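Numbering (the working numbering), first residue to last: 3 to 364. This report refers to the structure that appears directly beneath it.
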DNA sequence: AACTCGGGGCA
DNA sequence: TGCCCAGAGTT
């Protein structure tokens, strides 16, 4: 034994970190934790993990639930395709595998939302299979350990398998040790090599290239867009619509609106979009809020307006935005909305933001 | 291989 | 502000 694997396992054994999906025996719980953790910090995942499992304690419950309910539990966590895939995969697990996750990594890999990393993580952690699980942390740790500039997935896979073999096949603990090391010691910005249990084996540390591993690309500046949307009031009710399931924020609910075109004001854009998308005429009667929000690849200013319904029935119009419906402000809490809307939603649910000129509660 | 897809935390 | 994060799916 080279010692690297043994040092990793010893270091990991002394760690007691509260990480979702670890120290779990239920493969379903491991699965949910790993999907939630995709591109998401663990501290962000923790509250979602507990409440999600309380609401969907097993595959059967998840498969039998509506996508709307699953998205509501996912609201604010981002990458909503994960929730859609998880829901779809639960159905497949129920149909094909009798409600139990398959133990084989390739079978896991074929389920929606389970890629190479997640398949390896579930197989190794939940089922004890000698499979690699290379996430961003492991990629960084191995890149530094072997001083590799830009290793391919296949290369990292092979290196992981070697370490797993050195660990006597204990892939679960070894994979978790590599991930844990990457997230707490061998970090991207400020690696703490003094505290690293395998520093003596680290080729990048010997070469002085730790800060250069792995290489990262520079990103172009984020473009900006103005978005206008309307709180369309019809008496005490307001109008919401469900976004298409494909694409950005797929399946979430929103207030109707769209991009502000050049040469028009946000208020004009809000009125135009409501007419184009839902075929209803409204009059803009006031401004609600102006929200700044950043997505991964662009940023927006969301202009929200109060609007008064004039004519048109969204239920029978040829709408591109599916399933428009009228709801009371207090009912908004049932629907999953994008994070950019949350502050306004809270005010509406709490009754602080109300329809202008409305008589108010009797 | 390049793009899309959220949101939050941190220097 | 830019960068990163226990990645996957699509083209």
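Idealized CB from N, CA, C, for every residue including glycine. This structure is a prediction, so every number in the text was calculated from the model and none was measured.
Residue 62 is positioned such that its CB atom lies no closer than 8 Å to that of residue 100. Between the alpha carbons of residue 226 and residue 299 lies a distance of about 9 Å. Uninterrupted alpha helix (DSSP H) stretches at least 4 residues long and entirely within the stretch 51–111 occur at 61–66, 69–76, 83–99 and 107–111, given in chain order. Note on residue 22: 16 or more other CB atoms within 10 angstroms of its CB, so buried under the neighbour-count rule. In the DSSP assignment, residue 138 falls outside any beta strand (DSSP E) and lies within the alpha helix (DSSP H) extending over 138–147. Cα atoms of residue 356 and residue 71: separation of roughly 26 Å, rounded to the nearest angstrom.
With fewer than 16 other CB atoms across the displayed protein chains lying within 10 angstroms of its CB, residue 264 is exposed.
Annotation for residue 241: the continuous beta strand (DSSP E) segment containing it runs 239–244. Straight-line spacing of the CA atoms in residue 287 and residue 241 works out to 15 Å. The three-state reading of DSSP puts residue 290 in strand, counting E and B together.
Only buried fits residue 31, as 16 or more other CB atoms lie within 10 angstroms of its CB.
Annotation for residue 307: the continuous beta strand (DSSP E) segment containing it runs 301–313. Residue pairing by DSSP places residue 236 opposite 239 in a beta bridge. The C-alpha of residue 301 is placed about 6 Å away from the C-alpha of residue 224. The beta-bridge partner set that DSSP reports for residue 228 consists of 303.
Cβ neighbours of residue 179 within its own chain (closer than 7 Å, five residues either side excluded): 10, 11, 13 and 14. DSSP places residue 31 within a helical segment (H, G or I) once states are collapsed to three. The beta carbons of residue 259 and residue 232 sit closer together than 8 Å.
With fewer than 16 neighbouring CB atoms inside 10 Å of its own CB, residue 250 falls in the exposed class. For residue 346, no pairing in a beta bridge is given by DSSP. Here residue 167 carries a helix assignment [DSSP, helix/strand/coil].
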